[in-house]
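Using the numbering used here, the first residue of the sequence shown is number 339, and each one after it goes up by one.
Backbone N, C-alpha and C fix where the C-beta goes; we use that ideal spot for every residue, glycine too.
Below: one structure, written as structure tokens.
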Amino acid sequence: MICPKCGKEFDPAPRATELCPECFRNSSGSYYSESLGPNASSLPGFDSNRSEGYCPWEDEEGISFVQGLLQTLRQSVFEPTRFFQRLSLVGGYKFPFLYALVISTISIIAAYLASTIIDLKAMPMSHGMFFMGHSLGSQIYALLILTLQIFVQPAVLFICLLALGVRNATFEAIFRISCYTAGAGIFKAVPFVGSFVAFIWGFVILVIGLREGFRISTGRAIVAIFLPAIAGIALAVLFVMLLMGSLFA
Numbered sequence: 339m340i341c342p343k344c345g346k347e348f349d350p351a352p353r354a355t356e357l358c359p360e361c362f363r364n365s366s367g368s369y370y371s372e373s374l375g376p377n378a379s380s381l382p383g384f385d386s387n388r389s390e391g392y393c394p395w396e397d398e399e400g401i402s403f404v405q406g407l408l409q410t411l412r413q414s415v416f417e418p419t420r421f422f423q424r425l426s427l428v429g430g431y432k433f434p435f436l437y438a439l440v441i442s443t444i445s446i447i448a449a450y451l452a453s454t455i456i457d458l459k460a461m462p463m464s465h466g467m468f469f470m471g472h473s474l475g476s477q478i479y480a481l482l483i484l485t486l487q488i489f490v491q492p493a494v495l496f497i498c499l500l501a502l503g504v505r506n507a508t509f510e511a512i513f514r515i516s517c518y519t520a521g522a523g524i525f526k527a528v529p530f531v532g533s534f535v536a537f538i539w540g541f542v543i544l545v546i547g548l549r550e551g552f553r554i555s556t557g558r559a560i561v562a563i564f565l566p567a568i569a570g571i572a573l574a575v576l577f578v579m580l581l582m583g584s585l586f587a
């Protein structure tokens, strides 16, 4: 049997079921069409080509909490194109927010433990204990900032995409895409280069998510992400020009 949605071939006999082991849809490919109800087509951001999308993290009945977390992490980080092609752009805020919060927390704890181990090896015990306390407070502060970022980033992207003429963009859709890019944070656990890798790969995943989510070009997705920085630079240049003009007038 071939899954009509993800295209994976599987044998239903061992489990006596028609659920695809990859995306957990039945032979008709249905998932979100049932969970969103009969009025799904009237929801903002609804796309008939994506309405039956699937995300393991949001499958409360099909798989366990840990399976959903690990499968979503693996797919979103290492198979982002395929993941965001299947991700439904409607379905609420709860699951994506919790996913981003859980993954961000795990990433911060992992990064803290990795840096602590390295510094404890290089520092006397007394200094090491001071470093642990100081660093833990910093990581808690970082978690609070990340929680705020979960909401701020999609809000900014929403404005930028509308400014670029992406009319099918909704805040809910951008929020869902943005939250499911949080998996790149796991690379922060890698000593020395982890933060850099997490930043770069997080950017790449976000570009892919916007591109696949709204069917726009890669260049347009990149411009949407950099638009606030471009606008900031333009305003700074304009301010300097006005200041220079007033000084030499």
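Legend entry - Sequence-distant residues of the same chain with beta carbon closer than 6 Å to Val-535, five excluded per side: Mapped onto the sequence shown, residue 535 falls at position 197. Only Phe-525 meet the Cβ criterion.
Legend entry - Contact set for Pro-529: own chain, Cβ-Cβ below 6 Å, skip 5 residues either direction: One-based indexing of the sequence shown puts residue 529 at position 191. Excluding residues within five positions, the ones whose Cβ falls inside 6 Å are Ala-452 and Ile-456.
Inset, instruction - Take the Cβ of Gly-551 as the centre, count every other Cβ of all protein chains shown within 10 Å, and call the residue buried at 16 or more, exposed below. - result: In the sequence shown, residue 551 corresponds to position 213, counting from 1. Counting Cβ neighbours within 10 Å, Gly-551 comes out buried, since at least 16 surround it.
Inset, instruction - Just tell me which of Leu-482, Gln-487 and Gly-429 has its CA closest to the CA of Trp-508. - result: Along the sequence shown, read from residue 1 onward, the residue named residue 508 stands at position 170. Per the sequence presented here, residue 508 reads as Thr, with Trp not at that position. Nearest option by C-alpha distance: Gly-429.
Legend entry - Cβ-based burial, Ala-569 [other Cβ within 10 Å; buried from 16]: Start at 1 with the first residue of the sequence shown, and residue 569 comes out as number 231. Label assigned to Ala-569: exposed.
Legend entry - Alpha-carbon spacing of Thr-419 relative to Leu-436, whole angstroms: Taking the first residue of the sequence shown as 1, we reach residue 419 at position 81. Taking the first residue of the sequence shown as 1, we reach residue 436 at position 98. Cα to Cα, Thr-419 sits roughly 22 Å from Leu-436.
Legend entry - N-terminal and C-terminal residue of the alpha helix (DSSP H) that Ala-562 is part of: For the purposes of this step, residue 562 is taken as residue 224 along the sequence shown, with counting starting at 1. 556 to 585 is the span of the alpha helix (DSSP H), which, as asked, contains Ala-562.
Inset, instruction - Could you tell me if Ile-446 is buried or exposed, where buried requires 16 or more neighbouring beta carbons within 10 angstroms of its beta carbon? - result: For the purposes of this step, residue 446 is identified with residue 108 of the sequence shown, where counting begins at 1. Buried, because 16 or more other Cβ atoms sit within 10 Å of the Cβ of Ile-446.
Inset, instruction - Report the rounded CA-to-CA distance for Tyr-518 versus Lys-432, giving the unit in angstroms. - result: Walking along the sequence shown from the start, residue 518 turns up at place 180. Walking along the sequence shown from the start, residue 432 turns up at place 94. Approximately 12 Å between the Cα atoms of the pair.
Inset, instruction - Below 8 Å CB to CB, which residues in the same chain sit around Val-545 once its five sequence neighbours on both sides are set aside? - result: Taking the first residue of the sequence shown as position 1, residue 545 is located at position 207. Result list for Val-545: Thr-556, Ala-559, Ile-560 and Ile-563, in chain order.
Inset, instruction - Would you give the residue range spanned by the alpha helix (DSSP H) that Ile-543 belongs to? - result: For the purposes of this step, residue 543 is identified with residue 205 of the sequence shown, where counting begins at 1. Start and end: 532 to 552.
Legend entry - Member of Phe-577, Leu-565, Gly-532 and Leu-548 whose CA lies at the smallest distance from the CA of Glu-510: Within the sequence shown, residue 510 is the residue found at index 172, counting from 1. Per the Cα distances, Leu-548.
Legend entry - Residue span of the alpha helix (DSSP H) that contains Ile-314, given as start and end: The structure shown does not extend to residue 314, since the chain spans only 339 to 587, so no value can be given for it.
Inset, instruction - Mind reading off the beta-carbon distance from Gly-521 to Leu-411? Whole number of angstroms is fine, and I expect it under 8 Å. - result: For the purposes of this step, residue 521 is taken as the residue at position 183 of the sequence shown. For the purposes of this step, residue 411 is taken as the residue at position 73 of the sequence shown. Right, their Cβ atoms sit about 5 Å apart.
Inset, instruction - Flag this pair as yes or no: are the beta carbons of Ala-527 and Ala-438 separated by less than 7 Å? - result: Sequence index remark: in the sequence shown, residue 527 carries index 189 (1-based). Sequence index remark: in the sequence shown, residue 438 carries index 100 (1-based). Going by C-beta atoms, Ala-527 is not nearer than 7 Å to Ala-438.
Inset, instruction - Taking all protein chains shown into account, decide if Gln-405 is buried (16 or more other Cβ within 10 angstroms of its Cβ) or exposed. - result: As a working mapping, residue 405 is identified with position 67 in the sequence shown. Flag for Gln-405 reads exposed.
Legend entry - Boundaries of the alpha helix (DSSP H) in which Pro-418 is found, first to last residue: Residue mapping note: residue 418 aligns to position 80 of the sequence shown, counting from 1. Segment 418 to 424, the alpha helix (DSSP H) holding Pro-418.
Legend entry - Same chain, Cβ closer than 7 Å to Phe-422, neighbours up to 5 away in sequence not counted: Counting from 1 along the sequence shown, the entry for residue 422 is found at position 84. So the list reads Ile-515, Ile-546, Gly-547, Glu-550 and Gly-551, once near-sequence residues are dropped.
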